[in-house]
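A.B. asks: Protein chains in written order, with my numbering: chain Z, 211 to 443; chain Y, 211 to 443. Backbone N, C-alpha and C fix where the C-beta goes; we use that ideal spot for every residue, glycine too. On a predicted model such as this, the values are computed, not experimentally measured, just so you know.
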DNA sequence: AATTTTCTTAAGAATTACTTAAGATTGTAT
DNA sequence: ATACAATCTTAAGTAATTCTTAAGAAAATT
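Put into structure tokens, the structure is as follows:
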């Protein structure tokens with residue numbers, strides 16, 4: 211998705227089937243899912259984990275969705291998406307209008323759910339409510355601007371392809387940390403690595419060609435033998 | 211807020227719940243809130259009090275939001291934020307853009323409302339009577355005048371449709387920043403994107419046809435492969 | 001020093017993303 | 001009701017990127 215950040219979404223619904231279904235759809239997008247079956251449990255999880263968005267069923271045993279919304283708002287400013295059955299009283303949903311950021315009626319289209327979740331996360335991040343990531347990163351003259359998506363090396367703008375950019379972004383935002391090829395693959399492609407060792411290596415090569423003066427003696431993108439690659443801090 | 215100034219915000223909505231909720235959030239930020247339940251009442255209050263910003267519901271009995279916007283603009287230059295339900299016709303809201311400075315769809319996140327209110331107030335105050343929002347943007351000869359809503363390329367006025375204008379405005383006020391197709395769709399249409407990739411692409415094409423000399427080699431509206439589009443700074 | 005493993009490099013094939021055109025649909029004005 | 005304009009959909013063409021294959025070089029191991 212957006213900026214190489216790992217998002218945690220809390221799904222609160224009393225039906226296990228729904229919780230699990232949503233989990234599948236979101237995991238597919240590289241989003242981590244936490245689950246709770248009622249409002250009380252939800253508040254509990256909120257205390258223990260960093261959560262970036264909540265999907266909340268209106269009708270729940272123990273602390274229903276509406277009350278939960280208020281409780282959550284007292285503590286956190288994270289986006290809330292309300293889930294409700296079509297049949298349920300419109301007035302109730304109206305009352306929610308001030309507390310929630312969006313709502314979806316059941317049955318829902320998985321694509322729609324995913325789109326709305328992503329959209330809210332994006333807004334949350336771009337509103338700056340969520341600390342992080344719009345600063346230019348500068349590592350000894352290699353710079354990355356996450357807003358304009360521009361990378362400069364030795365003062366020159368480097369034209370990177372989307373995958374190359376994502377790899378550079380991952381390594382630069384975690385400069386000094388070594389990533390195995392598998393890890394790079396999984397975090398950039400958002401799917402498990404099966405046989406992609408070479409694929410990543412090829413991209414590393416292309417990147418070096420573009421950002422390094424002498425790609426045989428890389429100053430920025432270094433290999434850590436037998437382990438992986440890192441960006442020099 | 212900073213600057214020790216007392217701001218007065220007028221909230222115009224026919225639902226009491228919403229008026230009250232907004233009052234709570236804004237008071238929390240040290241902002242004074244005045245309330246009206248329709249356009250007529252709003253104009254009344256405007257005559258009696260100094261108001262720095264208005265939050266206006268589109269759908270209201272007696273003098274609806276749209277007409278109210280025009281009436282207010284005849285007299286004052288203060289920022290107007292439009293509130294509208296998701297269901298309400300996007301085109302109508304688009305048309306409104308002429309009078310308003312920002313708009314928010316219900317349901318909304320209180321934090322977002324507060325953020326937008328503060329941002330408008332900051333602009334209004336720090337730039338005198340307005341200026342900021344009303345400055346002509348000039349990017350190497352492509353100009354956009356937010357007051358007359360006119361775009362000129364190579365000295366000629368370009369006739370843009372409402373959607374086209376909104377896209378150009380978004381890109382020009384954030385020149386250099388890359389927007390994904392999803393982001394463009396969400397910020398212009400105010401709803402999450404699932405399948406509108408092509409829709410946006412078509413508008414981009416139409417815009418290029420109008421503002422570029424050679425739309426095959428665009429000088430202003432550039433693509434960033436695999437990521438999105440941007441307006442050249 | 002020989003062998004194995006891991007990494008680098010190159011070129012062409014496959015895939016994906018973008019552009020463009022034309023017609024269908026929707027909305028607005030007369 | 002009709003005409004007109006704006007917007008959306010579909011589909012095909014074009015450009016750019018990504019992947020695969022395979023061979024050679026460097027580091028580690030024996």
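Relative to the C-alpha of residue 384 of chain Y, which candidate in Y:282, Y:430, Y:406 has its C-alpha closest?
C.D. replies: Counting from one through the second chain, the residue named residue 384 of chain Y turns up at place 174. For residue 384 of chain Y, the nearest C-alpha among the options comes from Y:430.
A.B. asks: Relative to chain Z, which residues along the segment 371-393 of chain Y have a C-beta separation below 8 Å, given in chain order?
C.D. replies: Result list: 386, 387, 388, 392, 393.
A.B. asks: At a Cβ cut of 8 Å, what residues of the segment 414-439 of chain Y count as close to chain Z, listed as they run along the chain?
C.D. replies: 434, 435, 436, 437
A.B. asks: Who does residue 294 of chain Y pair with in a DSSP beta bridge?
C.D. replies: Taking the second chain and counting its residues from 1, one reaches residue 294 of chain Y at position 84. Per DSSP, Y:315.
A.B. asks: Starting from residue 424 of chain Y, follow the beta strand (DSSP E) in both directions and report where the run begins and ends.
C.D. replies: Indexing the second chain from 1 puts residue 424 of chain Y at position 214. Per DSSP, residue 424 of chain Y belongs to no beta strand (DSSP E) and is neither H nor E.
A.B. asks: Assuming contact is defined by CB atoms lying nearer than 8 Å, are residue 233 of chain Z and residue 243 of chain Z in contact in what I supplied?
C.D. replies: Locating residue 233 of chain Z in the first chain gives position 23, counting from the first residue. Locating residue 243 of chain Z in the first chain gives position 33, counting from the first residue. Closer than 8 Å, so yes.
A.B. asks: Using a Cβ-Cβ cutoff of less than 8 Å, which residues in the same chain neighbour residue 437 of chain Z once the five nearest sequence positions on both sides are dropped?
C.D. replies: Start at 1 with the first residue of the first chain, and residue 437 of chain Z comes out as number 227. If we look at residue 437 of chain Z and ignore the five residues flanking it on each side, its Cβ neighbours are 388, 390.
A.B. asks: At the level of alpha carbons, what is the spacing between residue 346 of chain Z and residue 226 of chain Y?
C.D. replies: As a position in the first chain, residue 346 of chain Z is number 136, starting the count at 1. As a position in the second chain, residue 226 of chain Y is number 16, starting the count at 1. Whole-angstrom Cα-Cα distance: 45 Å.
A.B. asks: Does the segment 282-292 of chain Z come close enough to the segment 256-271 of chain Z that 3 or more CB-CB pairs lie under 8 Å?
C.D. replies: yes
A.B. asks: Does any residue of chain Y bring its CB to less than 8 Å from the CB of residue 269 of chain Z?
C.D. replies: Numbered from its first residue, the first chain carries residue 269 of chain Z at position 59. Answer no: the Cβ-Cβ gap between residue 269 of chain Z and chain Y never drops below 8 Å.
A.B. asks: Return the residues of the segment 309-322 of chain Y that lie within a Cβ-Cβ distance of less than 8 Å from chain Z, sorted by chain order.
C.D. replies: 316, 317, 318, 319, 320, 321, 322
A.B. asks: Can you round the beta-carbon distance between residue 432 of chain Y and residue 442 of chain Y to whole angstroms, since I take them to be within the 8 Å contact cut?
C.D. replies: Walking along the second chain from the start, residue 432 of chain Y turns up at place 222. Walking along the second chain from the start, residue 442 of chain Y turns up at place 232. Right, the Cβ-Cβ distance comes to about 6 Å (below 8 Å), so this counts as a contact.
A.B. asks: Residue 403 of chain Y versus chain Z: which residues are under 7 Å apart at the beta carbon?
C.D. replies: Counted from its first residue, the second chain places residue 403 of chain Y at position 193. By Cβ distance, chain Z contributes 325.
A.B. asks: Here's the rule I'm using: 16 or more other beta-carbon atoms within 10 Å means buried, otherwise exposed. How should residue 297 of chain Y be labelled?
C.D. replies: Locating residue 297 of chain Y in the second chain gives position 87, where the first residue counts as 1. Note that residue 297 of chain Y scores a pLDDT of 49, beneath 50, so its modelled location is shaky; the value from the coordinates is reported in the next line. Exposed is the call here.
A.B. asks: Within 10 angstroms of its Cβ, does residue 271 of chain Z collect 16 or more other Cβ (buried), or is it exposed?
C.D. replies: Taking the first chain and counting its residues from 1, one reaches residue 271 of chain Z at position 61. Classification for residue 271 of chain Z: exposed.
A.B. asks: Shortest alpha-carbon distance to residue 420 of chain Z belongs to which of Z:294, Z:381, Z:312, Z:374?
C.D. replies: Translated into the one-based positions of the first chain, residue 420 of chain Z becomes position 210. For the residues Z:294, Z:381, Z:312, Z:374, the minimum Cα distance to residue 420 of chain Z belongs to Z:374.
A.B. asks: Where does the unbroken alpha helix (DSSP H) through residue 252 of chain Y begin, and where does it stop?
C.D. replies: As a first step, residue 252 of chain Y is located in the second chain; it is residue number 42 there, counting from the start. Unbroken alpha helix (DSSP H) run through residue 252 of chain Y: 249-258.
A.B. asks: Please decide whether residue 305 of chain Y counts as near chain Z, where near means a Cβ-Cβ distance under 8 Å.
C.D. replies: Looking up residue 305 of chain Y in the second chain gives position 95. Because residue 305 of chain Y sits at a pLDDT of 42, beneath the cut-off of 50, its placement in the model cannot be relied upon, and the following sentence gives the value as read from the coordinates. So, not an interface residue.
A.B. asks: At 7 Å on the CB atoms, spell out the chain Z contacts of residue 396 of chain Y, in chain order.
C.D. replies: Counting from one through the second chain, the residue named residue 396 of chain Y turns up at place 186. Going along chain Z in sequence order, the residues near residue 396 of chain Y (Cβ under 7 Å) are 329.
A.B. asks: I'd like the list of long-range same chain contacts for residue 340 of chain Y, defined as Cβ closer than 7 Å, with 5 residues on each side in sequence excluded.
C.D. replies: Residue numbering aside, residue 340 of chain Y sits at position 130 when the second chain is read from its first letter. Low per-residue confidence applies at residue 340 of chain Y: pLDDT is 46, beneath 50, and the placement is therefore not dependable enough to give any value.
A.B. asks: Regarding residue 355 of chain Z and the ligand HEM, is the C-beta to nearest heavy atom distance less than 7 Å?
C.D. replies: What this structure holds is no ligand at all, so the ligand HEM is not there to describe.
A.B. asks: Beta-carbon of residue 294 of chain Z versus every beta-carbon of chain Y: anything under 8 Å?
C.D. replies: Position 84 of the first chain, counting from 1, holds the residue named residue 294 of chain Z. No, residue 294 of chain Z does not count as interfacial toward chain Y.
A.B. asks: Check the Cβ of residue 283 of chain Z against every Cβ in chain Y and list those closer than 8 Å, keeping chain order.
C.D. replies: For the purposes of this step, residue 283 of chain Z is taken as residue 73 along the first chain, with counting starting at 1. 320, listed in chain order.
A.B. asks: Using the Cβ count rule (16 or more neighbours within 10 Å means buried), how would you classify residue 240 of chain Y?
C.D. replies: Walking along the second chain from the start, residue 240 of chain Y turns up at place 30. Result: exposed.
A.B. asks: Assuming contact is defined by CB atoms lying nearer than 8 Å, are residue 327 of chain Z and residue 219 of chain Z in contact in what I supplied?
C.D. replies: Here the question's residue 327 of chain Z lines up with position 117 in the first chain. Here the question's residue 219 of chain Z lines up with position 9 in the first chain. Cβ distance < 8 Å, so residue 327 of chain Z and residue 219 of chain Z count as in contact.
A.B. asks: Could you give the residue range of the beta strand (DSSP E) that holds residue 366 of chain Y?
C.D. replies: Working through the second chain from its first residue, we reach residue 366 of chain Y at position 156. Run containing residue 366 of chain Y: 366-368, per the beta strand (DSSP E) assignment.
A.B. asks: Could you check whether the Cβ of residue 457 of chain Z sits closer than 8 Å to any Cβ belonging to chain Y?
C.D. replies: Residue 457 of chain Z is absent from the model: chain Z starts at 211 and stops at 443.
A.B. asks: Note down, in chain order, each residue of its chain lying with its Cβ closer than 6 Å to the Cβ of residue 353 of chain Y, except the 5 sequence neighbours on either side.
C.D. replies: Walking along the second chain from the start, residue 353 of chain Y turns up at place 143. Result list for residue 353 of chain Y: 346, 362, in chain order.
A.B. asks: Quick check: what's the CA-CA separation for residue 415 of chain Z versus residue 439 of chain Z?
C.D. replies: Residue mapping note: residue 415 of chain Z aligns to position 205 of the first chain, counting from 1. Residue mapping note: residue 439 of chain Z aligns to position 229 of the first chain, counting from 1. Using only the alpha carbons, I get a separation of about 11 Å.
A.B. asks: Pull out every residue of the segment 236-260 of chain Z whose Cβ sits closer than 7 Å to any Cβ of chain Y, in chain order.
C.D. replies: Cβ contacts with chain Y: none found.
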